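Have a look at the structure below, then the notes.
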Amino acid sequence: MMDTLRIEGTNTTPKVSFDAKERLLEISGYSRPENVRDFYAPLLQWIEDFKSSILASKSVGIDPDAVTFKFKFIYFNSSSAKFIYDIILQLNEMQSHKIPLKLYWYFDEDDDELREAGEELSDMANLPFFYIEVKRQ
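Here is the structure:
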């Protein structure tokens, strides 16, 4: 079984919680890291390894449980957007291998831009998202 990937969030990097056992992957907060490639490369590698482990199980007749991915960004910059799209493309590849997905895109009720970003990413990758409007406290 794969290790869980956890990264505490900062005011420039998102919190990451990728739990292979629970099949729950979540990324939240701000994404404007100084070196975006250094931050996202391990995440992309983890997702690739996760997909490979699911496909290995599938090849011996174990049907995969659904994978849930929650995008809970408050803000991300344009250089992060490319890597977020790369993550979504990896999820698309999972789906093409018949791995069931549940994708959630959270956005603040007053943040039309963030919702539209999610819609654009969903359309570009041809992957349906569930949109969750977060009410201000």
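For our numbering, count along the sequence shown from 1 and bump the result up by 37.
A virtual CB, placed ideally from N, CA and C, is assigned to each residue, including glycine.
Note that the coordinates shown come from a computational prediction; the quantities given were computed from them, not determined experimentally.
1. Using a threshold of 7 Å, state whether the C-beta atoms of L80 and H134 are closer than that.
2. Let's test the definition: count the other Cβ atoms within 10 Å of the Cβ of G155 and tell me whether it reaches 16, buried, or not, exposed.
3. Does Q82 pass the burial test, meaning 16 or more other C-beta atoms within 10 Å, or should it be called exposed?
4. Is the beta carbon of V171 sitting closer than 7 Å to the one on D145?
5. On a CA-only basis, which of E85, F166, R43 is nearest W142? Give me that one, please.
6. Return the chain-ordered ranges of every alpha helix (DSSP H) run that is complete within the stretch 117-155 and spans a minimum of 4 residues.
7. Whole angstroms is fine: what's the gap from S90's alpha carbon to Y122's?
8. Measure the Cβ-Cβ separation of F120 and V53 and say whether it is below 7 Å.
9. Assuming R173 is part of the beta strand (DSSP E), what are its boundary residues?
10. Assuming contact is defined by CB atoms lying nearer than 7 Å, are N114 and A162 in contact in what I supplied?
According to the structure shown:
1. no
2. buried
3. exposed
4. yes
5. F166
6. none
7. 22 Å
8. no
9. R173 -> no beta strand (DSSP E), and no H or E assigned at all.
10. no
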